[in-house]
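Be aware that the sequence shown starts at 67, since it is given in our numbering, and climbs by one per residue.
We put the beta carbon where it would ideally sit given N, CA and C, even for glycine.
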Amino acid sequence: MARLLVTGGAGFIGANFVHHWLRTHAGEPVVVLDALTYAGNLANLEPVKGRAELRFVRGDIRDTALVERLLREERLDTIVHFAAESHVDRSIHGPDAFIETNVQGTHSMLKAARTVWLEERVAPAHRFHHVSTDEVYGSLGPQDPAFSEHTPYAPNSPYSASKAASDHLVRAYHHTYGLASTISNCSNNYGPFHFPEKLIPLMIVNLLHGRDLPIYGDGRNVRDWLHVSDHCRGIERILEKGRPGEVYNIGGGAQSENLTLVETLCTVADAAFREHGDLAKRFPDAPPGRGKESASLIRFVKDRPGHDRRYAIDCRKAERELGYRAEVTLERGLRETFAWYLENEWWWRAVMDGSYQRWIETHYR
Ligand code: NAD
Ligand code: TDX
Numbered sequence: 067m068a069r070l071l072v073t074g075g076a077g078f079i080g081a082n083f084v085h086h087w088l089r090t091h092a093g094e095p096v097v098v099l100d101a102l103t104y105a106g107n108l109a110n111l112e113p114v115k116g117r118a119e120l121r122f123v124r125g126d127i128r129d130t131a132l133v134e135r136l137l138r139e140e141r142l143d144t145i146v147h148f149a150a151e152s153h154v155d156r157s158i159h160g161p162d163a164f165i166e167t168n169v170q171g172t173h174s175m176l177k178a179a180r181t182v183w184l185e186e187r188v189a190p191a192h193r194f195h196h197v198s199t200d201e202v203y204g205s206l207g208p209q210d211p212a213f214s215e216h217t218p219y220a221p222n223s224p225y226s227a228s229k230a231a232s233d234h235l236v237r238a239y240h241h242t243y244g245l246a247s248t249i250s251n252c253s254n255n256y257g258p259f260h261f262p263e264k265l266i267p268l269m270i271v272n273l274l275h276g277r278d279l280p281i282y283g284d285g286r287n288v289r290d291w292l293h294v295s296d297h298c299r300g301i302e303r304i305l306e307k308g309r310p311g312e313v314y315n316i317g318g319g320a321q322s323e324n325l326t327l328v329e330t331l332c333t334v335a336d337a338a339f340r341e342h343g344d345l346a347k348r349f350p351d352a353p354p355g356r357g358k359e360s361a362s363l364i365r366f367v368k369d370r371p372g373h374d375r376r377y378a379i380d381c382r383k384a385e386r387e388l389g390y391r392a393e394v395t396l397e398r399g400l401r402e403t404f405a406w407y408l409e410n411e412w413w414w415r416a417v418m419d420g421s422y423q424r425w426i427e428t429h430y431r
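This is the structure in structure tokens:
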């Protein structure tokens, strides 16, 4: 039985992981530590609200004393570290927060784990799992082999550079102090509770409002899409079977050019509007409700500076050693994700207009 500290558990992937873990590990304590930045929302934890195993603590990963206290008080033996600034475009406009949270924050977590687990020996066995990204490996050409765990690091954005730095710190704490750490580098996630600043949820929300669908550059950049449920199962496998000191790539095996992905999403939307007559009334500005194709909203816009051309993940190590397999195809994942946003309009309206955030500020201290 593991006793978990999940940082960033009110964010997109962290919250999905908490839902998954409480489904598969009922009765095992989970403490979520989250600062509730713009990207963190208690609304993301609604599906597990009231679960006796779950404790939510609003706090900053840079508060080393707080993390030490939580590890001691709750006798926690496993950290799953998601908390980060995660949006590449924001890192281009303001890199400082990325260094503070992703580099200093991860170092603060490592220091707390070292003090409590290695010096005070509070937990008999421990695990520090660090959630990272394929972006640390840089950008691939069209014919290059996919990123493996041996691909040299070549981060290109302030975001990926900050994640690379945090990966190196985790590695160093394993080699220098003997911290039992693992790292996963995964590709682009998508699915429920994805904040509508990232490509897929932004396109869904814009489409429903009849707003432009902005495609950066020529739209030929390739991402390897991973449904968040597959990612969560991958992390679970690493916690259960992964070897300390090891790195595992987790991918979805679903490479797509951005333009193709957005066109597929438009087709999914058009089909949903044909099937469900009420959607035209709920979203009167969406093109398929007015007899037009969603793809008519696609617009090419100025490219992202330093935009990585292609990511692709070779996850054969995780398949071989952990029995990991991505289960959700991109087509099914996009259909289900679009349906989730239709069914959970309350969620994206609340996170976008800030009303949930304002509620948190007055009700949560
Ligand atoms: P997210 O932005 O949705 O959530 C980040 C969470 O961290 C939020 O809840 C936020 O409140 C919290 N947080 C931020 N700063 C904090 C701090 N100083 N102290 C405590 N909490 C803080 O991010 P996500 O998309 O869920 O990504 C989670 C992790 O996975 C990140 O480490 C990210 O780098 C990595 N990752 C994400 C993707 C992806 O496609 N989204 C892909 C690969 C790796
Ligand atoms: O409006 C847009 N138009 C567009 O063409 C947006 C928001 C994005 N894009 C492109 C840029 C990328 O090529 O779509 C692709 C995906 O963009 P994002 O959703 O911003 O993701 P990306 O930059 O690939 O990074 C994501 O995957 C790796 C996560 O945000 C990171 O946290 C993760 O590490």
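Exercise for the section: Out of Thr248, Ser362, Ser228, point me to the one whose CA is closest to Arg156's CA. Expected result: Ser228
Handout entry: Check: Tyr282 C-beta below 7 Å from any heavy atom of ligand 2
Key = yes
Handout entry: Any 3 or more C-beta pairs closer than 8 Å across the region 132-150 and the region 202-212
Key = Output reads no: the region 202-212 does not touch the region 132-150.
Exercise for the section: Specify the secondary structure class of Arg365 as computed by DSSP and reduced to three states. Expected result: strand
Handout entry: Own chain, CB closer than 6 Å to Ile249, minus 5 neighbours either side, in chain order
Key = His196, Ser198, Asp233, Val236, Val313
Practice task
Pull up the distance between the alpha-carbon of Ala150 and that of Gly171, whole angstroms please.
Solution key: 8 Å
Exercise for the section: State yes or no: is the C-beta of Leu245 within less than 8 Å of the C-beta of Arg180? Expected result: yes
Practice task
Give the DSSP-derived three-state secondary structure of Pro350 in the structure shown.
Solution key: coil
Exercise for the section: Could you check if Tyr104 is buried or exposed, using at least 16 other CB atoms within 10 Å of its CB as the buried criterion? Expected result: exposed
Handout entry: Whole-Å CB distance - Pro280 paired with Tyr407, under 8 Å assumed
Key = With a Cβ gap of about 18 Å, Pro280 and Tyr407 do not count as contacting.
Practice task
Can you give me the Cβ contacts of Ile379 inside the same chain, cut-off strictly under 6 Å, excluding the 5 residues immediately before and after it?
Solution key: Asp200, Ala212, Phe213, Ser253, Asp290, Asn315, Gly317
Practice task
Look at the alpha carbon of Arg356 and the alpha carbon of Pro262, and state the distance between them as a whole number of angstroms.
Solution key: So the alpha carbons of these two residues sit roughly 24 Å apart.
Exercise for the section: Give a yes or no on whether the C-beta atoms belonging to Thr130 and Ala81 are separated by under 8 Å. Expected result: no
Practice task
Find out if the Cβ-Cβ distance for the pair His86, Glu402 is shorter than 8 Å.
Solution key: no
Practice task
Measuring alpha carbon to alpha carbon, tell me which of His153, Glu215, Phe349 ends up nearest Ser226.
Solution key: His153
Practice task
Identify whether Cys381 lies in helix, strand or coil by the three-state DSSP scheme.
Solution key: coil
Practice task
Kindly list the residues whose CB is nearer than 6 Å to the CB of Pro221, restricted to its own chain and excluding five residues on each side of it in sequence; keep chain order.
Solution key: Val202, Ala227, Ala230.
Handout entry: Whole-Å CB distance - Val114 paired with Leu142, under 8 Å assumed
Key = About 18 Å; that fails the 8 Å criterion.
Problem - Which residues DSSP lists as bridging Arg289, in chain order - result: Ser322
Problem - Same chain only: Cβ atoms within 8 Å of Val188, ignoring 5 sequence neighbours per side - result: Contacts found: Leu137, Arg138, Arg141, Val182.
Handout entry: Sub-8 Å separation of Gly285 and Leu325 beta-carbons
Key = yes
Handout entry: Straight-line gap, Val271 to Thr242 (C-alpha atoms, nearest Å)
Key = 47 Å
Handout entry: Residues bridged to Phe164 (per DSSP)
Key = In the DSSP output, where bridge partners are listed per residue, Phe164 has none listed.
Handout entry: CA nearest to the CA of Glu385, picked from Lys307, Arg340, Arg370
Key = Lys307
Problem - Contained alpha helix (DSSP H) runs [length at least 4] in the region 299-344, N- to C-terminal order - result: 324-341
Handout entry: Test item: CB-CB of Ser362 and Asp336 under 8 Å
Key = no
Problem - Extent of the continuous beta strand (DSSP E) to which Thr248 belongs - result: Start and end: 247-252.
Handout entry: Contact under 8 Å by Cβ, Arg193 with Leu305
Key = Taking 8 Å as the Cβ cut-off, Arg193 and Leu305 qualify as a contacting pair.
Problem - beta-carbon Val154 near ligand 2 non-hydrogen atom, thresh 7 Å - result: yes
Exercise for the section: Could you tell me the distance, in whole angstroms, from the CA atom of Arg391 to the CA atom of Gln321? Expected result: 16 Å
Exercise for the section: Keeping to the same chain, check which residues put their C-beta closer than 7 Å to that of Val394; ignore five residues upstream and five downstream. Expected result: His293, Ser295, Asp296
Handout entry: Beta-carbon contacts of Gly125 that lie in its chain and below 6 Å, excluding the five residues immediately before and after
Key = Leu99, Leu132
Handout entry: ligand 2 heavy atom lying under 7 Å from the CB of Thr199
Key = Checking every heavy atom of ligand 2 against the Cβ of Thr199, one is found closer than 7 Å.
Problem - Burial state of Phe122 (16 or more Cβ within 10 Å) - result: buried
Practice task
Under 7 Å Cβ to Cβ from Pro371, same chain only, skipping five residues before and after it: list those, please.
Solution key: Ile158
Exercise for the section: Starting from Asp100, follow the alpha helix (DSSP H) in both directions and report where the run begins and ends. Expected result: Careful: Asp100 lies outside any alpha helix (DSSP H), inside the beta strand (DSSP E) at 96-100.
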